[in-house]
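Chemist: Below you'll find the structure I mean.
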Amino acid sequence: MKLGRNFYDRDTCQVARDLLGKYLVRMQNGVPLAVRLTETEAYIGRMDKACHAYNYRRTARTETLFAQPGTVYLYLIYGMHHCLNFVTEAQGEPAAVLIRGGEARAGLPLLTRNRFGKGPEDLSPYQRKNFLNGPGKLCKALALTRTENGTSLLGDALFVCDDLADVGLETPPSDRAPLTIRTGKRIGIDYAEEAVDFPWRYYL
DNA sequence: TTCAGGATGTACT
DNA sequence: GTACATCCTGAAC
């Protein structure tokens, strides 16, 4: 079923871990796009120098991080890529999970069209391999931009669910195998001093 | 397969 | 003015 507010209203690392293997569903013009989540990272403002809202820093950009759990935090990075995050913990606690990677499960033709401007059958092996393995790539394939910043994950346009049957699709049996969750240091935050070593990256 | 370097716009100092 | 929770390309191996 669709994950509710209570799922996001928890410890951020726990949410990041629990999101692995779940399905992110995005409705684009009535077409369901579904991605199985395989890589996430936790960011916690109260003590994490890698977080945009470190030490409760409140600006126009970080305002979304203080919103209710289950809110979408979407920003532009390096002038050209978007990063999708799910706000966690109680309202007023700036924290979120960055969605770093996934695997396509539904809506493949539209996903590849968004990402590469062509159909699945026309992808090169390199494009197949590097399809959704990065936060910017995932946003491009799902057609997510800052327009979605501040929107809710509890609605019908963008949400996460346990099972593809919730969207009228079939969950592949291989997705039901037990998950092996790995952890490691987060990517691309070399500036974050002691937080560089926090093992807050989770992946299958 | 790996690596270096460039693209590009916004937030914040 | 500087830094940035990234991605792509082309060259070398």
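Numbering-wise, the numbering used here comes out as the position in the first sequence, counting from 1, plus 28.
All residues carry an ideal CB built from backbone N, CA and C; glycine is no exception.
So for alanine 169, helix, strand or coil by DSSP?
Modeler: Helix at alanine 169.
Chemist: Which partner residues does valine 115 have in the DSSP bridge list?
Modeler: Ala124.
Chemist: Can you tell me which of Asp39, Asn177, Ala44, Phe35 puts its alpha carbon nearest to the alpha carbon of arginine 210?
Modeler: For arginine 210, the nearest C-alpha among the options comes from Ala44.
Chemist: Using only the alpha-carbon positions, how far apart do aspartate 225 and alanine 78 sit?
Modeler: In a straight line, the C-alpha of aspartate 225 is about 11 angstroms away from that of alanine 78.
Chemist: Buried or exposed: leucine 207, going by 16 or more other Cβ atoms within 10 Å of its Cβ?
Modeler: It counts as exposed.
Chemist: Give every residue of the same chain whose Cβ lies closer than 7 angstroms to the Cβ of aspartate 190, excluding the five residues on either side of it in the sequence, and list them in chain order.
Modeler: Hits under 7 angstroms: Met29, Lys50.
Chemist: How about histidine 109 and glycine 145: do their beta carbons lie closer than 7 angstroms?
Modeler: Their beta carbons are not under 7 angstroms apart, which means histidine 109 does not touch glycine 145 by this criterion.
Chemist: Are at least three pairs of beta-carbons, each pair with one atom in the segment 169-189 and one in the segment 89-103, less than 8 angstroms apart?
Modeler: Verdict: yes, contact present.
Chemist: What are the boundary residues of the alpha helix (DSSP H) that includes arginine 45?
Modeler: That run of the alpha helix (DSSP H) goes 40-47.
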